[in-house]
RNA sequence: GCCGGAGUGGCGGAAUGGCAGACGCGAUCGACUCAAAAUCGAUUGUCCGAAAGGACGUGUGGGUUCGAGUCCCACCUCCGGUACCA
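Here's what the structure looks like:
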């Protein structure tokens, strides 16, 4: 008979956990009292006693409705924010929208609706849902990057970079997306396809705006040391993307018509093995080189064909090598040898100098090319033990157990030694030098699209590219009739807007009609949050220096390179301009894993999309939020399972009922009294100890890389124990223990289920849980008098014994030897070794 | 190819070198109910055994250790990133 709840309370039908009512109640409190607003130094309400914590989730692109990825990232971010607040920090958690961008513009092309209208609609629904989820945001700082009072400062910063020589315009081969009709940055081309629409990109020669991010390559690498905690793989990805490689530049001279061709090589030690020389089809000296030679037309034809290829086709490694031999030769600077020249599309203009020395014996690509064109292959690196190298492939090795051969005075040296010697020689003769090369290229920022931040430049036939003066900012985006891109920016059709006067000479000028890549907008938004209503500057340096860096940044790993690299670059450039003190924007980074459904990425075409709003209205925000944190470690992905949501709902209901069905207030007063707690025994003590265990476990797992799944599991255990012990707790002490357990569970679950946590706390203790410090476990209640020790024989579990917690090794062994169970396993043998791990186990080793 | 990450019950996942499988889902049984749902409780790695108990068990093969899911070596599979980068 289960009599625990069988009192007359049941006559009035037990109330049920009404998540929506509870959530509306607390959201109203937070909105009315502006609970999550936080002051900067000098503002009223600023509390200098508390340390600051800037907790930031990557700003969303507002398109349609938030999806589960947003639910997860804000659930994680908010849990961290709440945890920090209750640990005594002044937490800033702002919100904004990355509201320029292609989807809104494409929508405008389809429907004719102005992107501003559809964007505002999306922002409204994002805002509504974030409020509905009860995220603890300082809404007074809300911003959107497409608002003139925001992009005014994006333009202002662009002009500072322009003045510093970090923004420039030049003609170069760029990646063009034929569908979106715009150029793309290298970072936005994935496997030769447009990151946004998946169309194959094609090369195109255009005059475009760039940021000189390559100037910062070394600092971007070195300053990984300044970060507190970033996922190692993100750092590695950025390292690889920057792609620093050390080597040498060597100059090969073509006597006729007299052109020096520098090449970059990471293997100057193999210079003697160079048997031919290859130029990229785009090489600027090619025309001059072939002028008047017998096969100039053939070469031109090859080049034209190469340029027509999509980036994907050209990048295909498996394709057979192609190329054309030029009727020219170059001289190898180390041995004076004349070697034939080729043009081939496997050499890229964007990397190095667009020309290579080919060492077929030790480079797979050169090897394939040499085979195809029947060129000599000269081995210059050999295993130190004199063994043969495989014939059908290039001999490529990082090993130092090799020696240089067939290379004059380099013979017998290791590659490292040969590199040093050859670079010294090249430098002495002025035919080369030590060189460092990067994979990273300058950031192409102009886009031939409408819905972006206008570039504040006027083109003047007299003065060139002239910056718009600061006092004329913002250069506002004009309204236009037709959004369709036509190979140039739709802005070009707004002739009233385009035609202007030159700020420098007052003559006629034309506005720059390209807009900025939206990644520019999001490269500094974390600074605007700090001083969002400043009308004189993008932000006040003193305020920014107070809050920066972001203490905890949270977002998807898909931004590991793009956004995070750009934002790091911007921060350094702004620091160099004296606008801010920090060198790195994000001290700690947490990347959350992607939620799938039925094991697959969610997509409309698969019909497996989870709409968070649907779950929030059915189960409540607390259930949805707690569920995404409970699925597994938040930095890993997880599969959305409806039954799992039910499980979390069940748990939250149990917690609510535990609080709702507590005995009357009078019986349970003093539940938090430590002296009383320490004096208890039996089931009362057991439940109190479990409560303190949960506090300790939750706190440790919170600190340990945000292991939210086990934090929540600990609270579940506490609630389960409370139910299990409830029947044995019919005394006043029992009522107090239950009250303490329920209040503690509410307090610990609050970062994930803030509404329920507040409600439970209010029901049990009264007051506001977010104003109560994060609980600390009582060591004395954590400690046990009697502990169970595991006894092993030869590493196999054979017995358990109860020992006093303070028993020493001798006493433990005495108890072990008293065990009759063990005799069978020992079989009369004397242990040769007895290992005692206090508090853990005993292992008897017998032979 | 290169660089990361991960392989543990029917499923998601727990385990500072020390009781493998916490917690949740699912499943089975029981209580309540006319019945069902909800709720509460119990059981739930595999094999042998009536039971007591025993053997096996963390992708594979070896190693270190009193003791290995955890550390080392070699390999396999999956996932992510990246790639004619000279």
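In my numbering, the protein residues as written are 43 to 889. Using N, Cα and C, we set each Cβ at its ideal position, and we do this for glycine too.
- Proximity of the region 603-612 to the region 246-263 meets the contact definition, three or more beta-carbon pairs being nearer than 8 Å.
- In the structure shown, residue 786 falls within a helical segment according to DSSP collapsed to helix, strand and coil.
- Residue pairing for residue 289: DSSP places it in a beta bridge opposite 477.
- Taking every protein chain shown into account, the CB of residue 826 has fewer than 16 other CB atoms within 10 angstroms, so this residue is exposed.
- If you keep only unbroken beta strand (DSSP E) runs of at least 3 residues inside the region 109-171, you get 132-134.
- One alpha carbon belongs to residue 116, the other to residue 794, and they sit about 10 Å apart.
- DSSP, read as helix, strand or coil, puts residue 725 in helix.
- With three or more CB-CB distances shorter than 8 Å, the region 820-839 counts as touching the region 866-883.
- Residue 828 and residue 852 have their C-alpha atoms some 16 Å from each other.
- Contact between residue 642 and residue 630 is ruled out by a C-beta separation of about 31 Å, above the 8 Å threshold.
- Residue 790 is positioned such that its CB atom lies no closer than 8 Å to that of residue 697.
- With a threshold of 16 other beta carbon atoms within 10 Å, residue 537 falls short and is exposed.
- In the pairwise beta carbon analysis, the region 240-253 is classified as touching the region 476-493: at least three pairs are separated by under 8 Å.
- Residue 477 is not a Cβ neighbour of residue 389, given a cutoff of 8 Å.
- Comparing alpha-carbon positions, the option among 140, 777, 512, 615 lying closest to residue 208 turns out to be 615.
- The DSSP assignment places 537-540, 560-563 as complete runs of the alpha helix (DSSP H) inside the region 488-567, in order along the chain (cut-off: 4 residues).
- For residue 590, no beta strand (DSSP E) segment is defined, and its DSSP state is neither H nor E.
- Residue 265 places its beta carbon less than 8 Å from that of residue 626.
- A direct Cα-to-Cα measurement between residue 854 and residue 889 gives close to 22 Å.
- Taking 4 residues as the minimum length, the alpha helix (DSSP H) runs contained wholly in the region 679-705 are 684-702, in order along the chain.
- By the Cβ neighbour-count rule, residue 732 is buried, with 16 or more other Cβ atoms within 10 Å of its own.
- Per the Cβ contact rule, the region 370-378 is in contact with the region 292-310 (3 or more Cβ pairs under 8 Å).
- Looking at the backbone, the Cα of residue 59 and that of residue 729 are separated by about 23 Å.
- Counting of Cβ neighbours within 10 angstroms places residue 271 among the exposed residues, the total staying below 16.
- The region 497-506 makes contact with the region 189-206, as at least three CB pairs between them are under 8 Å.
- Within 10 angstroms of the beta-carbon of residue 99 lie 16 or more other beta-carbons, which makes it buried.
- Residue environment for residue 671: buried (at least 16 other C-beta atoms within 10 angstroms of its C-beta).
- Between residue 619 and residue 482, the C-beta gap is not smaller than 8 Å, which leaves the two residues out of contact.
- DSSP places residue 806 in the uninterrupted alpha helix (DSSP H) bounded by 796-806.
- Cβ contact annotation for residue 847 (same chain, cutoff 7 Å, sequence separation greater than five): 825, 826, 827, 828, 829, in chain order.
- For residue 371, the uninterrupted beta strand (DSSP E) segment begins and ends at 366-373.
- Cβ contact annotation for residue 90 (same chain, cutoff 8 Å, sequence separation greater than five): 83, in chain order.
- Here the alpha carbon of residue 607 sits roughly 7 Å from the alpha carbon of residue 280.
- Under the three-state reduction of DSSP, residue 344 is assigned to helix.
- Taking a cut-off of 8 Å on C-beta distances, the region 683-693 does not touch the region 191-201, as fewer than three cross pairs fall below it.
- In the same chain as residue 661, and ignoring 5 residues on each side of it, the C-beta atoms closer than 7 Å to its own belong to 61, 687, 691, in chain order.
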